[in-house]
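Enquirer: Questions regarding the structure given below will be posed in turn.
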Amino acid sequence: MKTLSALVVLSLAGFAQAQPTQVFYSNFDSGQPAELTGYGGLESVAGFAGAGNTGDTFTGDLWRNDGTASVKTTLTLTNLPAHNSVSVGFLLAFIDSWDSTNGSPAPDWFNLDIDGTNFLQLTSANASGNVIYAGDQIYWGGAGWNGAWWDRAFDMGNEALIQSIPHTASTLTLDFYASGDGWQAGIDESFAIDNLEVIVNKVPAPGAVGALSILGLAALRRRR
Ligand SMILES: [Ca+2]
Ligand SMILES: [Ca+2]
Ligand SMILES: [Ca+2]
36 MKTLSALVVL SLAGFAQAQP TQVFYSNFDS GQPAELTGYG GLESVAGFAG AGNTGDTFTG
96 DLWRNDGTAS VKTTLTLTNL PAHNSVSVGF LLAFIDSWDS TNGSPAPDWF NLDIDGTNFL
156 QLTSANASGN VIYAGDQIYW GGAGWNGAWW DRAFDMGNEA LIQSIPHTAS TLTLDFYASG
216 DGWQAGIDES FAIDNLEVIV NKVPAPGAVG ALSILGLAAL RRRR
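Structural data, given as structure tokens:
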């Protein structure tokens, strides 16, 4: 009976799937979302238009931050429903002459902090250097900003570092900013985001799974 009980618990635990709820989404095509504050502004996606994966491509406008190091774009969410973890997705563009971590002047970094803790620190070699974020690259070409430099973009929706992050607080803050001793900002280097999405995941509490297990075991007992 102990073996059977363990099997029932295991099989029912499989049903305790995370239930996702989208708590924020913006494609930046109808103005600045109220939840977004700080530095930056709306601009046309220009040559990035259509780049991306099915159903998740650059369209209309994006949000570009061409500020100096550590000048932040901030998303603040409040009154989140009960949850155990959070997942973040967005399209990320490295615009103009990024110099990687080993070009000149370098390093150039894109950062994402979640509730004040750094989760992403990424770079791109658009003009010099050779270290490039090894993510889901969706664009490499001249998208139409300043100078002859090519621009690069990634779909961050499958980046494991920002999926199912343990989180239970009712508020969430995302800070997007550049940094690094080589950061030149302005028309030299900037970044942009589009299709920003935040999902909270709710996994049923262990108590709920336990109750289900007892019910399942009782059902099995009746069938024997
Ligand atoms: Ca857009
Ligand atoms: Ca540069
Ligand atoms: Ca630089």
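In the numbering used here, the protein residues as written are 36 to 259.
Backbone N, C-alpha and C define an ideal beta-carbon position, used for all residues, glycine too.
1) Taking 7 angstroms as the line, does the beta carbon of Gly75 fall inside it for any heavy atom of ligand 1?
2) Could you check the C-alpha separation between Asp101 and Pro239 for me, to the nearest Å?
3) So what does DSSP say about Ala213, is it helix, strand or coil?
4) As a quick exercise: from Val58, Gln52, Trp175, pick the residue whose alpha carbon is nearest that of Ile234.
5) Based on Cα-Cα distance, which residue from Leu97, Thr108, Asp91 lies nearest to Tyr327?
6) Who pairs with Gln54 in a beta bridge, going by DSSP?
7) Compute every distance between the C-beta of Thr97 and the non-hydrogen atoms of ligand 1, then say whether any falls below 7 angstroms.
8) Considering Ile197, what are the terminal residues of the beta strand (DSSP E) in which it resides?
9) Whose C-beta lies closer than 7 angstroms to the C-beta of Glu70 among residues of the same chain, with five residues either side of it excluded?
10) In whole angstroms, give me the CA-to-CA distance for Phe226 and Thr56.
11) Leaving aside the five residues before and after Ile222 along the sequence, list all residues of the same chain whose C-beta is less than 6 angstroms from its C-beta, in chain order.
12) For a test of the three-state rule: what should DSSP assign to Phe129, helix, strand or coil?
13) Looking at ligand 3, does it come within less than 7 angstroms of Ala141, judged from the CB to the closest heavy atom?
14) Does the distance between the C-beta of Asn146 and the nearest non-hydrogen atom of ligand 1 fall short of 7 angstroms?
15) For Gly251, does the three-state DSSP call read helix, strand or coil?
16) Hey, would you say the C-beta of Gly217 is under 7 angstroms away from at least one heavy atom of ligand 3?
17) Which parts of the stretch 64-102 are runs of the beta strand (DSSP E), unbroken and 3 residues or longer, counting only runs that do not cross its ends?
18) What three-state label does DSSP hand Gly182 in the structure shown?
19) Among Asn146, Ser79, Ala86, whose alpha-carbon lies nearest the alpha-carbon of Tyr174?
Expert: Reading from the atomic positions:
1) Along the sequence shown, read from residue 1 onward, the residue named residue 75 stands at position 40. It does not: the Cβ of Gly75 is nowhere closer than 7 angstroms to a heavy atom of ligand 1.
2) Stepping through the sequence shown from its first residue, residue 101 is reached at position 66. Stepping through the sequence shown from its first residue, residue 239 is reached at position 204. C-alpha separation (whole angstroms): 42 angstroms.
3) To locate residue 213, count along the sequence shown from 1; it is residue 178. Note: Ala213 maps to strand in three-state DSSP.
4) For the purposes of this step, residue 234 is taken as the residue at position 199 of the sequence shown. Selected option, being the one with the closest Cα: Val58.
5) The structure shown does not extend to residue 327, since the chain spans only 36 to 259, so no value can be given for it.
6) As a working note, residue 54 is residue 19 in the sequence shown. Answer by DSSP bridge pairing, in chain order: Lys237.
7) Position 62 of the sequence shown, counted from the first residue, corresponds to residue 97. The question names Thr, but residue 97 in the sequence shown is Leu. Leu97 Cβ: within cutoff of ligand 1.
8) For the purposes of this step, residue 197 is taken as residue 162 along the sequence shown, with counting starting at 1. Judged by DSSP secondary structure, Ile197 falls outside any beta strand (DSSP E); it is assigned neither H nor E.
9) Counted from its first residue, the sequence shown places residue 70 at position 35. Correct list, in chain order: Phe59, Leu110, Thr111, Leu112.
10) For the purposes of this step, residue 226 is taken as the residue at position 191 of the sequence shown. For the purposes of this step, residue 56 is taken as the residue at position 21 of the sequence shown. If you take the alpha carbons of Phe226 and Thr56, they lie about 28 angstroms apart.
11) One-based indexing of the sequence shown puts residue 222 at position 187. Once the five neighbours on either side are set aside, the close Cβ partners of Ile222 are Asn181.
12) Taking the first residue of the sequence shown as 1, we reach residue 129 at position 94. The answer is strand: DSSP assigns Phe129 an E or B state.
13) The residue given as residue 141 occupies position 106 in the sequence shown. Under cutoff, so the answer is yes.
14) On the sequence shown, position 111 is the one that residue 146 refers to. Every heavy atom of ligand 1 is 7 angstroms or more from the Cβ of Asn146, so no.
15) Translated into the one-based positions of the sequence shown, residue 251 becomes position 216. No answer about Gly251 holds up, because its pLDDT of 49 lies below 50 and its placement is not dependable.
16) For the purposes of this step, residue 217 is taken as the residue at position 182 of the sequence shown. Residue side-chain check: Gly217 places its Cβ nearer than 7 angstroms to a non-hydrogen atom of ligand 3.
17) 71-73, 76-79, 96-100
18) Taking the sequence shown and counting its residues from 1, one reaches residue 182 at position 147. Gly182: coil per DSSP, three-state reduction.
19) If you number the sequence shown from 1, residue 174 lands on position 139. Among Asn146, Ser79, Ala86, the Cα nearest to that of Tyr174 belongs to Ala86.
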